[in-house]
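One structure is given below, encoded as structure tokens.
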Amino acid sequence: MIGMETLKGLKKLGDQSAEMAIQSLAEMTGMQVLMKVSAVDLAEIEQIPEVIGITDDAMVGLYVRFTGELPGSVLTLLSIPSARRLADIMLAGMEDGSDGDSVLSEMQQSAVEEIGNIITSSFIDVWANAFNLGLNQSPPAFACDYVPSIIDASLAKASEKGDFAVVFNSAIHVVDQDIDCNILVLPDPDKMQMVFDNFEG
């Protein structure tokens, strides 16, 4: 269904998005930040938990809906331990940990939301430039749940739920720690062919 040229094109978009996110995160934190997209694939939505290697555990997700000529959603997924580590690094010891039964403290959640917003915004900006389209994004939404539920929430405002997502397997390196994350781009199903045509044409 998806050709090599499309995969190469999507990988290039992922690399460009990561570079933009690196610049923004470095400016925000004053730290040296690296982000690498190691692989990209087109996956059926119901297979995403297996593709990213998380089938039984809840995850932290931050998702943004984008509208325009190529509408869809962007979703950043982190394991809960990774989200905590990333938040603690960014907070630089200002936070002692989560509050009570909460997965993340208010400060940790705020840090993750800010980082996730930078990552998702970078992907949306790069896609808009690549396809020469005007795209507008909604405010980011935070969720901590199982992957299918987070995906359902991210697609709630779509006119039609799609069958596939572009999955970018990524890692953020900051303060000598590698933090795995996955970025999902979910174009609305009636626009998915536009993505293929852009690379295969």
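Just add 748 to wherever you are in the sequence shown, counting from 1, and you've got the working numbering.
Yeah, the Cβ is synthetic: ideal placement off N, Cα and C, and Gly gets one too.
- [ ] Within its chain, find whatever has a CB closer than 6 Å to the CB of Pro-819; leave out the 5 residues flanking it on each side and keep chain order.
- [x] Asp-936
TODO: Compare the beta carbon distance of Glu-707 and Asp-900 with 8 Å and say whether it is the shorter of the two.
DONE: No information on residue 707 is available, as it lies outside the stretch 749 to 949 that the chain covers here.
- [ ] Would you list the residues sitting across from Ala-791 in a DSSP beta bridge?
- [x] Ala-913
Open item on the list: Give me the DSSP bridge partner(s) of Ser-827.
Closed with: Met-807
TODO: Would you mind working out which of Thr-777, Asp-926, Ala-913, Asp-945 sits nearest Phe-879, comparing C-alpha positions?
DONE: Relative to Phe-879, the option among Thr-777, Asp-926, Ala-913, Asp-945 whose CA is nearest is Asp-945.
TODO: Compute the minimum distance between the beta carbon of Ile-867 and the heavy atoms of the ligand GTP, and state whether it is under 7 Å.
DONE: This structure does not include the ligand GTP; it has no bound ligands of any sort.
Open item on the list: On a Cα-Cα basis, can you pick out the residue from Pro-829, Met-783, Gly-757 that is closest to Ile-866?
Closed with: The shortest Cα separation from Ile-866 among Pro-829, Met-783, Gly-757 belongs to Met-783.
Task: Of the listed residues Gly-778, Gln-925, Ala-859, nearest to Leu-839 (C-alpha basis) - done: The candidate whose alpha carbon is nearest that of Leu-839 is Ala-859.
Open item on the list: What would DSSP say about Asp-924, mapped onto helix, strand or coil?
Closed with: coil
Open item on the list: Can you look up Met-779 in the DSSP assignment and give me helix, strand or coil?
Closed with: coil
Open item on the list: Looking at the secondary structure, which residues open and close the beta strand (DSSP E) in which Ala-840 lies?
Closed with: It is not in any beta strand (DSSP E) - Ala-840 carries neither H nor E in the DSSP assignment.
Task: Phe-890 vs Glu-861 beta-carbon contact at 8 Å - done: yes
Open item on the list: What would DSSP say about Asn-877, mapped onto helix, strand or coil?
Closed with: Asn-877: helix per DSSP, three-state reduction.
Task: Close Cβ partners of Ser-772 (< 6 Å) along its chain, the five nearest in sequence each way excluded - done: Ile-866
TODO: Find the nearest neighbour of Phe-871 within the set Met-752, Leu-761, Leu-755, Gly-751, judged by alpha-carbon distance.
DONE: Leu-761
- [ ] Check Ile-770 in the structure and name its three-state DSSP category.
- [x] helix
Task: Straight-line gap, Ser-902 to Ala-913 (C-alpha atoms, nearest Å) - done: Cα to Cα, the separation comes out at about 12 Å.
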